[in-house]
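**Q** Using our numbering, you'd call the opening residue of the sequence shown number 8 and step up by one each time.
The C-beta atom is built at its ideal place from N, Cα and C for all residues, glycine as well.
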Amino acid sequence: MSEPRSKAQHRRRRSRTALAVGVPLALTAAGTFTYGTDLGLLGGSGRQASAAAPAWAADTADGFASVNSLGQNGTYGGRGGQVVTVTTQAELEKYATATQPYVIVVAGTIAMNPVGKEIKVQSDKTIVGRGTAGHIVGGGFFLGQGVHNVIIRNLTIRDAYQGIWNDKDHDFDAIQMDGAHHVWIDHNDLRHMADGLIDVRKDSTNVTVSWNRLSDNNKTFGIGWTENVKTDITIHHNWLRETEQRNPSTDNAAHAHLYNNFLEDAPGTAIKSAYGNYSRGGTKMVLENSLFQGVKNPVIKDSGAAIVQRGNSFSGTSGRNESGGSAFDPKTYYPYSLDKAADLPSILKAGAGPRASIGTTAASTKAAAATTLTVAQDGSGQYRTVQAAVNAVPANNPSRVVIAVKPGTYRELVKVPSNKPHVTIQGTGGSRKDTTIVYNNASGTPKPGGGTYGTGGSATVAVEADDFQARNLTISNDFDEKANQSLDGHQAVALRTAADKVFLDGIIVSGDQDTLLLDTASKDRLGRVYVSNSYVIGNVDFIFGRATAVVDKSVITLKKRWNGTSAGYITAPSTAANRKGILIANSTVNGDVSAGSFHLGRPWHAGGDASLDPQTTVRNTNLSSAIKSTPWTDMSGFSWKDDRFAEYGNYGAGAGQASTNRPHLSDAQAANQEVGDWLAGWTPSAS
Numbered sequence: 008m009s010e011p012r013s014k015a016q017h018r019r020r021r022s023r024t025a026l027a028v029g030v031p032l033a034l035t036a037a038g039t040f041t042y043g044t045d046l047g048l049l050g051g052s053g054r055q056a057s058a059a060a061p062a063w064a065a066d067t068a069d070g071f072a073s074v075n076s077l078g079q080n081g082t083y084g085g086r087g088g089q090v091v092t093v094t095t096q097a098e099l100e101k102y103a104t105a106t107q108p109y110v111i112v113v114a115g116t117i118a119m120n121p122v123g124k125e126i127k128v129q130s131d132k133t134i135v136g137r138g139t140a141g142h143i144v145g146g147g148f149f150l151g152q153g154v155h156n157v158i159i160r161n162l163t164i165r166d167a168y169q170g171i172w173n174d175k176d177h178d179f180d181a182i183q184m185d186g187a188h189h190v191w192i193d194h195n196d197l198r199h200m201a202d203g204l205i206d207v208r209k210d211s212t213n214v215t216v217s218w219n220r221l222s223d224n225n226k227t228f229g230i231g232w233t234e235n236v237k238t239d240i241t242i243h244h245n246w247l248r249e250t251e252q253r254n255p256s257t258d259n260a261a262h263a264h265l266y267n268n269f270l271e272d273a274p275g276t277a278i279k280s281a282y283g284n285y286s287r288g289g290t291k292m293v294l295e296n297s298l299f300q301g302v303k304n305p306v307i308k309d310s311g312a313a314i315v316q317r318g319n320s321f322s323g324t325s326g327r328n329e330s331g332g333s334a335f336d337p338k339t340y341y342p343y344s345l346d347k348a349a350d351l352p353s354i355l356k357a358g359a360g361p362r363a364s365i366g367t368t369a370a371s372t373k374a375a376a377a378t379t380l381t382v383a384q385d386g387s388g389q390y391r392t393v394q395a396a397v398n399a400v401p402a403n404n405p406s407r408v409v410i411a412v413k414p415g416t417y418r419e420l421v422k423v424p425s426n427k428p429h430v431t432i433q434g435t436g437g438s439r440k441d442t443t444i445v446y447n448n449a450s451g452t453p454k455p456g457g458g459t460y461g462t463g464g465s466a467t468v469a470v471e472a473d474d475f476q477a478r479n480l481t482i483s484n485d486f487d488e489k490a491n492q493s494l495d496g497h498q499a500v501a502l503r504t505a506a507d508k509v510f511l512d513g514i515i516v517s518g519d520q521d522t523l524l525l526d527t528a529s530k531d532r533l534g535r536v537y538v539s540n541s542y543v544i545g546n547v548d549f550i551f552g553r554a555t556a557v558v559d560k561s562v563i564t565l566k567k568r569w570n571g572t573s574a575g576y577i578t579a580p581s582t583a584a585n586r587k588g589i590l591i592a593n594s595t596v597n598g599d600v601s602a603g604s605f606h607l608g609r610p611w612h613a614g615g616d617a618s619l620d621p622q623t624t625v626r627n628t629n630l631s632s633a634i635k636s637t638p639w640t641d642m643s644g645f646s647w648k649d650d651r652f653a654e655y656g657n658y659g660a661g662a663g664q665a666s667t668n669r670p671h672l673s674d675a676q677a678a679n680q681e682v683g684d685w686l687a688g689w690t691p692s693a694s
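1) Between which two residues does the beta strand (DSSP E) holding Lys127 run?
2) Secondary structure at Lys226, three-state DSSP: helix, strand or coil?
3) State the beta-bridge partners of Tyr417 as determined by DSSP.
4) Could you have a look at Lys530 and say whether DSSP puts it in helix, strand or coil?
5) In this structure, what does DSSP give as the bridge partners for Ile240?
6) CB Gln107 to CB Gly88, shorter than 8 Å?
7) Quick one: complete beta strand (DSSP E) runs, 3+ long, within the stretch 508-594?
8) Quick check on Met308: buried or exposed, where buried means 16 or more other Cβ atoms within 10 Å of its Cβ?
9) Do Gln152 and Gly203 have their C-beta atoms closer together than 8 Å?
10) Pick out whichever of Val423, Thr392, Arg418, Gln384 has its Cα sitting closest to the Cα of Ala402.
11) Measuring alpha carbon to alpha carbon, tell me which of Asn319, Val74, Asp210 ends up nearest Glu295.
12) Do you know offhand how far Asn80's Cα is from Asp166's?
13) Measuring CB atoms only, is the stretch 139-159 touching the stretch 228-248, in the sense that at least three cross pairs come out at less than 8 Å?
14) If Gly608 and Ala579 are in contact, beta carbons under 8 Å, what's the gap, nearest whole angstrom?
15) Secondary structure at Val122, three-state DSSP: helix, strand or coil?
16) Which value, in whole angstroms, describes the spacing of the CA atoms of Ala653 and Ser604?
17) Pull up the distance between the alpha-carbon of Gln394 and that of Ile410, whole angstroms please.
18) When you compare each of Ser632, Asp519, Gly463, Thr462 to Asn484 by their alpha carbons, which one comes out closest?
19) Can you tell me whether Ala349 is buried or exposed? The criterion is at least 16 other CB atoms within 10 Å of its CB, across all chains shown.
20) Are Arg535 and Trp689 close, meaning C-beta to C-beta below 8 Å?
21) Since Ala72 and Val190 should fall inside the 8 Å C-beta cutoff, what is the C-beta to C-beta distance between them, to a whole number of angstroms?
22) DSSP three-state label for Ser256, please.
23) Let me check understanding here. Comparing Cα to Cα, which of Ala472, Arg160, Arg478 lies closest to Ala359?
24) Let me check understanding here. Comparing Cα to Cα, which of Asp650, Thr595, Thr640, Ala399 lies closest to Ser617?
25) Less than 8 Å between the C-beta atoms of Leu511 and Val538, yes or no?
26) Give every residue of the same chain whose Cβ lies closer than 8 Å to the Cβ of Leu162, excluding the five residues on either side of it in the sequence, and list them in chain order.
27) Helix, strand or coil: how does DSSP classify Leu298 here?
28) With 16 as the cutoff for other CB atoms within 10 Å, does Pro337 come out buried or exposed?
29) My understanding is that Ala583 touches Lys530, with C-beta atoms under 8 Å, so please give their C-beta distance in whole angstroms.
30) What do you get for Ala260, buried or exposed, if any count of 16 or more other CB atoms within 10 angstroms of its CB means buried?
31) Judging by CA-CA distance, which residue of Leu480, Val547, Thr504 is the nearest neighbour of Ile514?
32) Using a Cβ-Cβ cutoff of less than 7 Å, which residues in the same chain neighbour Ser52 once the five nearest sequence positions on both sides are dropped?
33) Identify every residue that forms a DSSP beta bridge with Met200.
34) Could you give the residue range of the alpha helix (DSSP H) that holds Leu351?
35) Going by other Cβ atoms of all chains shown within 10 Å of its Cβ, with 16 needed for buried, is Thr41 buried or exposed?
36) Taking DSSP's pairing of strands, which residues face Asn2 in a bridge?
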């Protein structure tokens, strides 16, 4: 966007019973989940799959396991590695302890020898049961110091019990972690072990435990064994029944978020609960919308620990039920949505634990293979370019197609047309920097057939299809302004969206002027965009457009201009009247630029359209000293004071007190400008 000028027109809910995010609810509600023959089930154990990886192998964790930290951006396990099927302990150990990534499918019952053996899983692994057939008997898994990016799903791990209820001699756990991070334990059945079902120990962190059944055990789920207060853990949608203690016991956890769990102690059974959720040491716990039925001492805490309770339900409980202290807001780390506590018995009895397999017919194999398309420059994928994979998506495809892009720099233009919805483009590397799509067109760049590209046409990646997702990659426009000063039009878009329900998760969008164009298909069409856990980099109007857009839990990085000067504008909304514009929430604004040199935004009345009502709200965000004390400014003859620009709850060196030149929302106004208000009933979820 030049200055000034007009441009050319250019709550997370996981499926309740789904093992894989994005699986049709009709299938998951019936207790079914398709693996198909693409898992290598074609005669012979330990075979590597020759077909594309199944769609669910691209699933990523939610909760704290999804947070970018310790050099690991989320938890995706063996995604991108070979898919192998195992039926023996030797095969399972071979692949689980390997250094390279694997998706390991356990296709039968494996009895551990000796009893109590815990296989030492290495990083970058997905270990998943083939339907209800995947059983580990008499042993489990151990994740040691530094092991990371591990997914354990859809397994039954059971029966290491040695006949001693309070067993001090046999440390036979189903899953134990000592110093691991980024681990997702999902949809398993864990029961009847000699010690813990799950032990999260010794500063293990970024762990999510979801949709599991835990039963028939004494010391069920322990967290801690350290003096440090480092563990971040999310525990949701688990069914704990007939378990005595550690349900869980949480010691010295920095952030423990427990929600939508069902703890059940049925009358007339031999196992009696000693306590339910326990916050110990320096733990800060948020406990939401969980159901405690018949449990003794359902919620307890140490004097130095904290528990914040919200929306929990208690039926037939007795003894201690405690709360107190201050904790944290989980939504500053990741999005989530809550089920009602009263609905949990039906939800979890139907949906927790392993999903049943659907056969291995040729038809199911074809469908599964078609849902994931692989791209690799070296020819090891199905396609060498991202656009070739997009072209292969059938028109009006009814369901999700994942384009898995292997690490590399792809210098190309990519367009996802409006007749190809439900497309996900995701990098398969360990970092979002490993996979880059980049080009260098600008608004004034001559087109081969005459004319110039214009701002919207300069985009490296253009998305016109609804329900689009991008994750774990970088999208960039590296147009060189300094070398092209004679060119008329330096606007150079990295990513343009003109669609509804666009989810940009864990990506980098990089450019200078007009980096991220968030538009709609037309002025009268709604276009919602949710950007989370991402980086947006630029200098002039670099988050702009007509969309109803949220930038949440992200980093906005300010860049100097081509000549080394510091001056710019973050947002340039072009919002239609009676719609919501751009919301920046729970984020950070920083960059190597001069203090007091950047505006938060200015109103873009595209084409001089006075009927527009541009809106930007920046809230609960850390503003660096680069932000001006009067952060809004006019544009092209339109006053920002005639439109909708405001702040709320910002902090940092660039934050400031409310004034006529720096409006702040009241608490009542802010209550109506939350992320959920922007998304208007849409709850983005990874698929």
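**A** A quick look at the data gives this:
1) In the DSSP annotation of this structure, the continuous segment of the beta strand (DSSP E) that includes Lys127 starts and ends at 125-127.
2) Collapsing the DSSP output to three states places Lys226 in a strand.
3) Tyr417 is bridged to Ile444.
4) The answer is coil: DSSP assigns Lys530 none of H, G, I, E or B.
5) For Ile240, which the question treats as bridged, DSSP gives the partners Val214, Ala263.
6) Contact annotation: Gln107 and Gly88 have beta-carbon atoms nearer than 8 Å.
7) Complete beta strand (DSSP E) runs here, min 3: 509-512, 515-517, 523-526, 535-539, 542-545, 547-552, 555-559, 562-565, 575-580, 589-592.
8) Checking the displayed sequence, the identity of residue 308 turns out to be Lys instead of Met. That one is buried.
9) Contact flag unset, no.
10) Comparing Cα positions, the closest option is Val423.
11) Comparing Cα positions, the closest option is Asn319.
12) Spanning the two alpha carbons is a distance of roughly 35 Å.
13) Between the stretch 139-159 and the stretch 228-248, the count of C-beta pairs closer than 8 Å stays below three; the two stretches do not touch.
14) That pair is a contact at about 6 Å.
15) In this structure, Val122 counts as coil in the three-state DSSP scheme.
16) Answer to the nearest angstrom: the Cα atoms are 19 Å apart.
17) Within the model, the alpha-carbon separation for Gln394 versus Ile410 is close to 10 Å.
18) Out of Ser632, Asp519, Gly463, Thr462, the CA that lies nearest to the CA of Asn484 is found in Asp519.
19) By the 10 Å Cβ count, Ala349 comes out exposed.
20) Yes.
21) The C-beta distance from Ala72 to Val190 rounds to 6 Å, short enough to fall under 8 Å.
22) In this structure, Ser256 counts as strand in the three-state DSSP scheme.
23) For Ala359, the nearest C-alpha among the options comes from Arg160.
24) For the sequence presented, residue 617 should be read as Ala rather than Ser. With distances taken between CA atoms, Ala617 lies nearest to Asp650 out of Asp650, Thr595, Thr640, Ala399.
25) For Leu511 and Val538, yes; Cβs fall inside 8 Å.
26) Answer for Leu162: Val113, Ile134, Val135, Gly136, Gly141, His142, Ile143, Asn195, Asp196, Pro361, listed in chain order.
27) In this structure, Leu298 counts as strand in the three-state DSSP scheme.
28) Here Pro337 is buried: its Cβ has 16 or more other Cβ atoms, across all protein chains shown, within 10 Å.
29) At roughly 6 Å, the Cβ-Cβ gap stays under 8 Å, so Ala583 and Lys530 are in contact.
30) It counts as buried.
31) Between Ile514 and the set Leu480, Val547, Thr504, the nearest pair of CA atoms involves Leu480.
32) With a pLDDT of 39 at Ser52, under the threshold of 50, the predicted position of this residue should be treated as unreliable, though the coordinate-derived value follows. If we look at Ser52 and ignore the five residues flanking it on each side, its Cβ neighbours are Thr92, Val93, Thr94, Thr95, Glu98.
33) DSSP output for Met200 lists no bridge partner at all.
34) Note, Leu351: alpha helix (DSSP H), 351-358.
35) Interpretation of Thr41 is limited by its pLDDT of 34, a score under 50 that renders its predicted location unreliable; the figure taken from the coordinates is listed afterwards. Under this definition Thr41 is a buried residue.
36) Only positions 8 to 694 of the chain appear in this structure, which leaves residue 2 out of reach.
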